[in-house]
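Read the structure below first, then the notes.
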Amino acid sequence: MRWMRPQHAKGMGIMRAVKNARRTRTSFEWDLLGFGLCRAWISTVFALPIPALLTLGYDFSPWYFLPGALACVVVGIVSERTVPERARTTILLVSAALTIIGIAGTTSSIGVESEAPITISLVCTGIGAAMLQTLWGDKMAVLPSRDINLYTVASMLLAALTSILVWSATSLEAALLVFAVLPAGSFILLFRGFDSGRWSIPSKMDATEELEDGPLHLDRLCTSIFVFVFVFNLAYTTLPASPFEDMAAHPIRSVANVSVTIALLAMLLAKGNINQMSLYRLSFPVLLGALLLMLVIPDEHAVLASVLAAAGYKLFDVLFWCVLVGLAHENRAISWRVLGFGMTANFLGMGLGIGLRERAWAATASGALDPTLLVCGLMFALVVIIMLILPESVVSQIMTRSSKKQRQEEPSLAQRCSTASEMHGLTTREREVLVFLAQGRTQGVIARKLSISEGTAHTHIIHVYQKLGVHSQQELIDLVEGIAE
Numbered sequence: 001m002r003w004m005r006p007q008h009a010k011g012m013g014i015m016r017a018v019k020n021a022r023r024t025r026t027s028f029e030w031d032l033l034g035f036g037l038c039r040a041w042i043s044t045v046f047a048l049p050i051p052a053l054l055t056l057g058y059d060f061s062p063w064y065f066l067p068g069a070l071a072c073v074v075v076g077i078v079s080e081r082t083v084p085e086r087a088r089t090t091i092l093l094v095s096a097a098l099t100i101i102g103i104a105g106t107t108s109s110i111g112v113e114s115e116a117p118i119t120i121s122l123v124c125t126g127i128g129a130a131m132l133q134t135l136w137g138d139k140m141a142v143l144p145s146r147d148i149n150l151y152t153v154a155s156m157l158l159a160a161l162t163s164i165l166v167w168s169a170t171s172l173e174a175a176l177l178v179f180a181v182l183p184a185g186s187f188i189l190l191f192r193g194f195d196s197g198r199w200s201i202p203s204k205m206d207a208t209e210e211l212e213d214g215p216l217h218l219d220r221l222c223t224s225i226f227v228f229v230f231v232f233n234l235a236y237t238t239l240p241a242s243p244f245e246d247m248a249a250h251p252i253r254s255v256a257n258v259s260v261t262i263a264l265l266a267m268l269l270a271k272g273n274i275n276q277m278s279l280y281r282l283s284f285p286v287l288l289g290a291l292l293l294m295l296v297i298p299d300e301h302a303v304l305a306s307v308l309a310a311a312g313y314k315l316f317d318v319l320f321w322c323v324l325v326g327l328a329h330e331n332r333a334i335s336w337r338v339l340g341f342g343m344t345a346n347f348l349g350m351g352l353g354i355g356l357r358e359r360a361w362a363a364t365a366s367g368a369l370d371p372t373l374l375v376c377g378l379m380f381a382l383v384v385i386i387m388l389i390l391p392e393s394v395v396s397q398i399m400t401r402s403s404k405k406q407r408q409e410e411p412s413l414a415q416r417c418s419t420a421s422e423m424h425g426l427t428t429r430e431r432e433v434l435v436f437l438a439q440g441r442t443q444g445v446i447a448r449k450l451s452i453s454e455g456t457a458h459t460h461i462i463h464v465y466q467k468l469g470v471h472s473q474q475e476l477i478d479l480v481e482g483i484a485e
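All residue numbers for the sequence shown refer to my numbering, where the first residue is 1 and numbers rise by one.
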């Protein structure tokens, strides 16, 4: 019998991805996909859209996003001074109550000529949505760093797929049904993991271990989130002249989101993680390139630039959510500040970016504002972020801190082998052999290390294989790697 040191040969990546997918499926916390329903609910406000179906004829987005941004500021400041369990319970109850009021108010406003009822309903709904998303961030912050990436990508894939499906809701009744079902499902899945103000999901985090100086560069990160989200939403909903009536709502954006998240999910399954620095290096150039294309390509091909912009935005969306939740994970004592301020930047960018589109349309149509000047201004804002506010050196510091924390959380090889030995009833000598096998050592090396004959080492190896139920050293290594403390 021959044992080989693991090599990165052809086909090994595919086999590893399949095994990772199987392990992920068996240990996947399906409740956490409720975050995807929350994101779909927020995005489908444009795809339905309820106010347009009421034929009120005014821009509603500021009344939805800006109160939500203000609510997140309050959450970030007040919750930090309150007992975490009490703050979590209060936010959950307030969010659920405002969501119910908002949906009920929207339904009852049908046929009412006054703008006041629908405006109040949108304010309640926006605050409820912002607080619900913050709660999901708090729940995901309990997870290990690697799992945060997995559930973020999986949830955003679900949100994109759901957005495509709800685009078919053309009637008022269907739109209102979707508008109520999505948040209801998200709240139900969120509440399933809620127990007396705590999240009852497995945690590998030492709750007493906190970083001394708080999250690194939170102000820079939130400023960058605001600018990026603002630039994208203003450009995407204003430029270029599109063959679609409303590119913010068109499912082509969801198709781009699906493509990006599927690629990221495949990377996660193949490599076990995603490189957040690569997301940073891709997202800004992709959006900058899309802005250039919006100026140089003909209007009938403008959808290409829109798809490219949507892809760049989704890369940044995944990045900023993973980083924010990761910072909240590392700094549980001030996690509400991290999540609250981060969600404030996100909702503020969307509210102002989409809210200014009417004025931007009017200004460009009348000739008061040159579209080239507008695009140059947006590109300049992105360049300032890249060069001054959030350069790669700052991002690297944030990533380095997160990677150090992740390495502290991950069990060592010895711990994994100890767990496997206890699970499968290995003897003391077989435990020693298991450690060497997991390191990729050959039979001869094991015999020399343990000062035993190769025949004895061979016998121990056979027993280890039999007890663990594997047939090769690579299967043994994969089994040990899949064991968590």
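For glycine and all other residues, C-beta sits at the position ideal for the given N, C-alpha and C.
If you draw a straight line from the C-alpha of residue 383 to the C-alpha of residue 317, how long is it?
Within the sequence shown, residue 383 is the residue found at index 383, counting from 1. Within the sequence shown, residue 317 is the residue found at index 317, counting from 1. Computed Cα separation, rounded: 18 Å.
Report the CB separation of residue 69 from residue 131 in whole angstroms; it is logged as a contact under 8 Å.
Working through the sequence shown from its first residue, we reach residue 69 at position 69. Working through the sequence shown from its first residue, we reach residue 131 at position 131. That pair is no contact at about 11 Å.
Measuring alpha carbon to alpha carbon, tell me which residue in 34, 225, 188 is nearest residue 140.
For the purposes of this step, residue 140 is identified with residue 140 of the sequence shown, where counting begins at 1. It is 34 whose Cα lies nearest to the Cα of residue 140.
Please name the residue or residues paired with residue 138 in a DSSP beta bridge.
For the purposes of this step, residue 138 is taken as the residue at position 138 of the sequence shown. Answer is none; residue 138 lacks a bridge partner.
Only counting runs of 4 or more residues, tell me where the alpha helix (DSSP H) segments fall wholly within the segment 106-179, in order along the chain.
116-140, 145-166
Look up residue 198 in the DSSP assignment and give the residues it is bridged to.
The residue labelled residue 198 in the question sits at position 198 within the sequence shown. The partner list for residue 198 (beta bridge, DSSP) reads 195.
Where does residue 396 land, buried or exposed, given buried means 16+ other C-beta within 10 angstroms?
As a first step, residue 396 must be located in the sequence shown, where it is residue number 396. So residue 396 counts as exposed.
Residues in the same chain with beta-carbon distance under 6 Å from residue 125, minus the five sequence neighbours each way, listed in chain order, please.
Locating residue 125 in the sequence shown gives position 125, counting from the first residue. Closer than 6 Å at Cβ, skipping near neighbours: 102.
Supposed contact pair residue 464 and residue 446 - C-beta distance, whole angstroms, cut 8 Å
Residue mapping note: residue 446 aligns to position 446 of the sequence shown, counting from 1. Residue mapping note: residue 464 aligns to position 464 of the sequence shown, counting from 1. Residue 446 to residue 464, Cβ: 10 Å. No contact.
Would you tell me roughly how many angstroms separate the C-alpha atoms of residue 211 and residue 331, rounded to the nearest one?
The residue you call residue 211 lines up with position 211 of the sequence shown. The residue you call residue 331 lines up with position 331 of the sequence shown. Only weak support exists for where residue 211 lies, its pLDDT of 46 falling under 50; the value from the coordinates is given anyway. So the alpha carbons of these two residues sit roughly 6 Å apart.
For residue 460, the first and last residue of its enclosing alpha helix (DSSP H)
Translated into the one-based positions of the sequence shown, residue 460 becomes position 460. That run of the alpha helix (DSSP H) goes 454-468.
DSSP-derived helix/strand/coil call for residue 274:
Within the sequence shown, numbered from 1, the residue matching residue 274 stands at position 274. Of the three classes helix, strand and coil, the one that applies to residue 274 here is coil, per DSSP.
Kindly indicate if chain D contains any beta-carbon less than 8 Å away from that of residue 147.
Among the chains in the structure shown there is no chain D, since it carries only a single protein chain.
So, are the CB atoms of residue 443 and residue 458 less than 8 Å apart?
Here residue 443 refers to the residue found at position 443 when the sequence shown is read from its first residue. Here residue 458 refers to the residue found at position 458 when the sequence shown is read from its first residue. Going by C-beta atoms, residue 443 is nearer than 8 Å to residue 458.
Residue 30: buried (16+ other C-beta within 10 angstroms of its C-beta) or exposed?
Your numbering for residue 30 matches position 30 in the sequence shown. Classification for residue 30: exposed.
According to DSSP, is residue 483 part of a helix, a strand, or is it coil?
In the sequence shown, the residue the question calls residue 483 occupies position 483. The answer is coil: DSSP assigns residue 483 none of H, G, I, E or B.
Taking Cβ to Cβ, would you say residue 311 is nearer than 8 Å to residue 286?
Walking along the sequence shown from the start, residue 311 turns up at place 311. Walking along the sequence shown from the start, residue 286 turns up at place 286. A contact, by the Cβ cut-off of 8 Å.
CA-to-CA distance, residue 82 to residue 269, given in whole angstroms
Translated into the one-based positions of the sequence shown, residue 269 becomes position 269. Translated into the one-based positions of the sequence shown, residue 82 becomes position 82. Distance between the alpha carbons of residue 269 and residue 82: 39 Å.
How big is the Cα-Cα spacing for residue 420 and residue 483?
Counted from its first residue, the sequence shown places residue 420 at position 420. Counted from its first residue, the sequence shown places residue 483 at position 483. Approximately 7 Å between the Cα atoms of the pair.
Rounded distance between the beta-carbons of residue 294 and residue 235, thought under 8 Å
As a first step, residue 235 must be located in the sequence shown, where it is residue number 235. As a first step, residue 294 must be located in the sequence shown, where it is residue number 294. The Cβ separation is near 7 Å, so the contact holds.
List the endpoints of the continuous alpha helix (DSSP H) containing residue 78.
The residue labelled residue 78 in the question sits at position 78 within the sequence shown. DSSP places residue 78 inside the alpha helix (DSSP H), whose first and last residues are 61-78.
Just checking my contact of residue 324 with residue 279 at CB under 8 Å: how many whole Å lie between their CB atoms?
Locating residue 324 in the sequence shown gives position 324, counting from the first residue. Locating residue 279 in the sequence shown gives position 279, counting from the first residue. 13 Å between Cβ atoms; not a contact.
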